[in-house]
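Enquirer: Chains as they are written, first to last, in the working numbering: chain L, 324 to 558; chain D, 324 to 558.
There are 2 protein chains.
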Amino acid sequence: MSTIFIPKHIRPMHGRLAYNDCALFHDMTNVELDTLESCADQTKCNAGDYLFRQNAPSDHVYNVISGTVAIERVSNNGRRQVLGFLFPGDFLGITNSAHYDYAVRSLTKTELYKFNRKRLYTLADELPHLKTNIAEISSRIFNRILDQLYILGQKKAHERLCFLFMQLLERLPGARPDRVELYMTRQDMADYLGLTIETVSRSLAKLKADGLIAFPQLNVLQILDIAKVSELADT
Amino acid sequence: MSTIFIPKHIRPMHGRLAYNDCALFHDMTNVELDTLESCADQTKCNAGDYLFRQNAPSDHVYNVISGTVAIERVSNNGRRQVLGFLFPGDFLGITNSAHYDYAVRSLTKTELYKFNRKRLYTLADELPHLKTNIAEISSRIFNRILDQLYILGQKKAHERLCFLFMQLLERLPGARPDRVELYMTRQDMADYLGLTIETVSRSLAKLKADGLIAFPQLNVLQILDIAKVSELADT
DNA sequence: CGCTACATTGACAGCGTTCAAGGTAAGTGG
DNA sequence: CCACTTACCTTGAACGCTGTCAATGTAGCG
Numbered sequence: 324m325s326t327i328f329i330p331k332h333i334r335p336m337h338g339r340l341a342y343n344d345c346a347l348f349h350d351m352t353n354v355e356l357d358t359l360e361s362c363a364d365q366t367k368c369n370a371g372d373y374l375f376r377q378n379a380p381s382d383h384v385y386n387v388i389s390g391t392v393a394i395e396r397v398s399n400n401g402r403r404q405v406l407g408f409l410f411p412g413d414f415l416g417i418t419n420s421a422h423y424d425y426a427v428r429s430l431t432k433t434e435l436y437k438f439n440r441k442r443l444y445t446l447a448d449e450l451p452h453l454k455t456n457i458a459e460i461s462s463r464i465f466n467r468i469l470d471q472l473y474i475l476g477q478k479k480a481h482e483r484l485c486f487l488f489m490q491l492l493e494r495l496p497g498a499r500p501d502r503v504e505l506y507m508t509r510q511d512m513a514d515y516l517g518l519t520i521e522t523v524s525r526s527l528a529k530l531k532a533d534g535l536i537a538f539p540q541l542n543v544l545q546i547l548d549i550a551k552v553s554e555l556a557d558t
Numbered sequence: 324m325s326t327i328f329i330p331k332h333i334r335p336m337h338g339r340l341a342y343n344d345c346a347l348f349h350d351m352t353n354v355e356l357d358t359l360e361s362c363a364d365q366t367k368c369n370a371g372d373y374l375f376r377q378n379a380p381s382d383h384v385y386n387v388i389s390g391t392v393a394i395e396r397v398s399n400n401g402r403r404q405v406l407g408f409l410f411p412g413d414f415l416g417i418t419n420s421a422h423y424d425y426a427v428r429s430l431t432k433t434e435l436y437k438f439n440r441k442r443l444y445t446l447a448d449e450l451p452h453l454k455t456n457i458a459e460i461s462s463r464i465f466n467r468i469l470d471q472l473y474i475l476g477q478k479k480a481h482e483r484l485c486f487l488f489m490q491l492l493e494r495l496p497g498a499r500p501d502r503v504e505l506y507m508t509r510q511d512m513a514d515y516l517g518l519t520i521e522t523v524s525r526s527l528a529k530l531k532a533d534g535l536i537a538f539p540q541l542n543v544l545q546i547l548d549i550a551k552v553s554e555l556a557d558t
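1. Cα-Cα, which of D/Ala556, D/Asn386 and D/Asn466 is closest to D/His481?
2. Along chain L, in chain order, which residues have C-beta atoms closer than 8 Å to that of D/Leu406?
3. One question on the structure: do L/Val384 and L/Lys432 come within less than 9 Å of each other, judged by their Cβ atoms?
4. Who are the Cβ neighbours of D/Val297 in its own chain at under 7 Å, not counting the five residues just before and after it?
5. Let me know the secondary structure DSSP gives L/Ala393 once reduced to three states.
6. Contact criterion: CB-CB distance below 9 Å. Does L/Thr418 meet it with respect to chain D?
7. Kindly list, in the order they appear in chain D, the residues whose Cβ is closer than 7 Å to that of L/Gly476.
8. Taking its Cβ as the centre, do 16 or more other Cβ atoms sit within 10 Å of D/Ala513, making it buried, or is it exposed?
9. For the alpha helix (DSSP H) that contains D/Pro451, what are its first and last residues?
10. Determine the chain D residues that contact L/Ala458 at a beta-carbon separation under 9 Å, and present them in chain order.
11. How is D/Thr508 classed by DSSP in three states: helix, strand or coil?
12. Alpha carbon to alpha carbon, how far is D/Asp382 from L/Gln471?
13. Counting C-beta neighbours from all protein chains within 10 Å, is the total for D/Leu356 16 or more, i.e. buried, or is it exposed?
14. Go through its chain and collect everything with a Cβ distance to L/Ser526's Cβ below 7 Å, but skip five positions before and after it.
15. For L/Thr508, decide whether its Cβ has a neighbour in chain D, counting only Cβ atoms nearer than 9 Å.
16. Examine the ligand COA and report whether any of its heavy atoms sits within less than 8 Å of the Cβ of D/Lys551.
17. So for D/Asn439, helix, strand or coil by DSSP?
18. Return the residues of the region 373-397 of chain D that lie within a Cβ-Cβ distance of less than 8 Å from chain L, sorted by chain order.
19. Less than 9 Å between CB atoms is the rule here; does D/Asp557 satisfy it with respect to chain L?
20. Among L/Leu430, L/His422, L/Arg402 and L/Tyr423, which residue has its Cα nearest to the Cα of L/Gly583?
21. Excluding the 5 residues preceding and the 5 following D/Cys534 in the sequence, name in chain order all residues of the same chain whose CB lies nearer than 7 Å to its CB.
22. Quick check: the Cα distance between L/Ala393 and L/Arg428, rounded to an integer number of angstroms?
23. Can you check DSSP and say which residues form a bridge with D/Asp364?
24. DSSP on D/Leu430, reduced to helix/strand/coil?
25. In this structure, what does DSSP give as the bridge partners for L/Gly534?
26. Which first and last residues belong to the beta strand (DSSP E) in which D/Phe410 is found?
27. Starting from L/Leu555 and walking both ways along the alpha helix (DSSP H), at which residues does that stretch end?
28. Say whether chain D places a C-beta atom closer than 9 Å to the C-beta of L/Asn466.
29. Who are D/Gln545's beta bridge partners in DSSP?
30. Buried or exposed: which applies to D/Lys441, given that a residue is buried once 16 or more other Cβ atoms fall within 10 Å of its Cβ?
31. What does D/Ser461 reach in chain L if we use C-beta pairs closer than 9 Å?
32. For chain D, is any of its Cβ atoms less than 9 Å away from the one on L/Asn439?
33. By how many angstroms is the C-alpha of L/Leu406 removed from the C-alpha of L/Phe538?
34. If you compare alpha carbons, which of L/Leu446, L/Lys478 and L/Ala532 is closest to L/Cys314?
35. Looking only at its chain, what residues have a beta carbon closer than 8 Å to the beta carbon of D/Arg403, apart from the 5 residues adjacent to it on each side?
36. Helix or strand or just coil, what does DSSP make of D/Tyr423?
Below is the structure:
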């Protein structure tokens, strides 16, 4: 039944999450959702586990139920670029190539739905809403990458961090200006923003000294001056 | 007739251009090509002209026949990021949103095919090859953006330039190691690579002094040591 | 020839990286 | 409960790359 298929902690997002990717089920009838369920399986990961590695065959599309994951790309010489952080409701693995061009690493304990990619795509030919939704999700992912590209090309360290904060605030379920849980390490932030861990640390210290943010705990961020942070983050 | 529809200077690429986007017509029958032609129109631009601006309604998909264009994104504060350079055979304007998230500026005199986007997409529902090809093209565009993201996040100025050179060598029709025409200005390169024009100039001078490249003319590049350039460019 | 746009070069400052040391927090075992 | 370990984070100092500002050079064009 479709009411079982969509777990409680995702359901309430439907109305709220305009920016999140949780839209695969959007506008679909219960009958359609039942069909969709036939492609679905569930899986889980522990913190640090790789869901899949770079160049693995792209057999599945995943939907994060709970937890946080990082999309990474590692080059020949070992340098790592984090392409994004994904949260509950987000999709990953949507691709047209036969292999994933990136790896996915869990930052926390993570539960995911797992769809057979080919079956999902075949199904999309029959269910127009599903196809529209997949296109819509791809489009959002693409736009996020463009934002990140702009940030890496044009922004200073402290601006990049503000960009990350605003992204977390918008996309991380449960994040509020006075409490944003940072599930990633400083190194993950650095690799996402194209900086070193030291620069991240120093820039955080600067933003803190300037009264824009605070850290009630090491991994809990408080945004004190959201107007300024938002301005610095601006794309 | 489909033999008219695909102009001579594109036709020969079909077999060769594994990395170029000129694949919309791939595997299609003459009947299918005739149908495709019904969506097509032709247009041209002068150097410096904008084909369309950021946030314009995304009414058309374009295919470059001749010339070079730059995809750009400008932010609120005026900083510009070039998202890519496109050459004959390349597509642009493939999107799922109602508006373009970027502007397209001609670097040279440019001729393009122009497809009504909605009609093209409707047609894609009927012609399976066309739909596959559109997906294939989108996938390549996405991968190029990921490469660029990595470059901006991890590489030094001279490495970024080598990356650009290798891209031009692979994607610009007619480019050979001993002769790569640079249709873009130094400023365009800078905005593409997330650098300033001065840094571009200095890094070019350094690469020249090291004997990796030469400039027979200001806008003609010669790659003297392709092994090293390729190594520096490596993603 | 002189105008204009584009490119190069120089001097200098500043931001970010690198290398190194020290600090903090959580978990383990005595 | 406390020392010890480990992983992560912060801070410091020096260096170097890149940005900024300014001047000069160069190619194309009327």
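Here a beta-carbon is modelled for each residue, glycine too, at the ideal position from N, C-alpha and C. Quick caveat: nothing in here was measured; it's all calculated off a predicted structure.
Expert: In terms of the structure at hand:
1. D/Ala556
2. Here the neighbours are Leu469 and Leu472.
3. no
4. Because chain D is modelled from 324 through 558, residue 297 of chain D falls outside the range shown and cannot be assessed.
5. Strand.
6. At least one chain D Cβ lies under 9 Å of L/Thr418.
7. Gln404, Leu475 and Gly517
8. buried
9. For D/Pro451, the enclosing alpha helix (DSSP H) stretches over residues Pro451 to Gln477.
10. Asn419
11. coil
12. Each residue's alpha carbon lies about 26 Å from the other.
13. buried
14. Close CB contacts of L/Ser526 within its chain, under the 7 Å cut and outside five residues either way in sequence, are with Ala480, His481 and Leu484 (chain order).
15. no
16. The ligand COA is not part of the structure shown, which contains no ligands of any sort.
17. If DSSP states are grouped into helix, strand and coil, D/Asn439 belongs with the strands.
18. Arg396
19. At least one chain L Cβ lies under 9 Å of D/Asp557.
20. Outside the modelled stretch of chain L, which goes from 324 to 558, sits residue 583 of chain L, for which no answer is possible.
21. Rather than Cys, the amino acid found at residue 534 of chain D in this sequence is Gly. Result list for D/Gly534: Leu547 and Asp548, in chain order.
22. 5 Å
23. Paired residue(s): D/Lys437.
24. coil
25. Paired residue(s): none; L/Gly534 is not in a bridge.
26. Neither: D/Phe410 is in no beta strand (DSSP E) and is coded neither H nor E.
27. Here the alpha helix (DSSP H) through L/Leu555 covers Ile549 to Ala556.
28. yes
29. D/Ala537
30. exposed
31. Asn419, Ser461 and Phe465
32. no
33. 25 Å
34. Given that chain L is displayed from residue 324 to residue 558, the structure contains no residue 314 of chain L and the question cannot be resolved.
35. The residues are Glu395, Arg396, Val397 and Asp514.
36. coil
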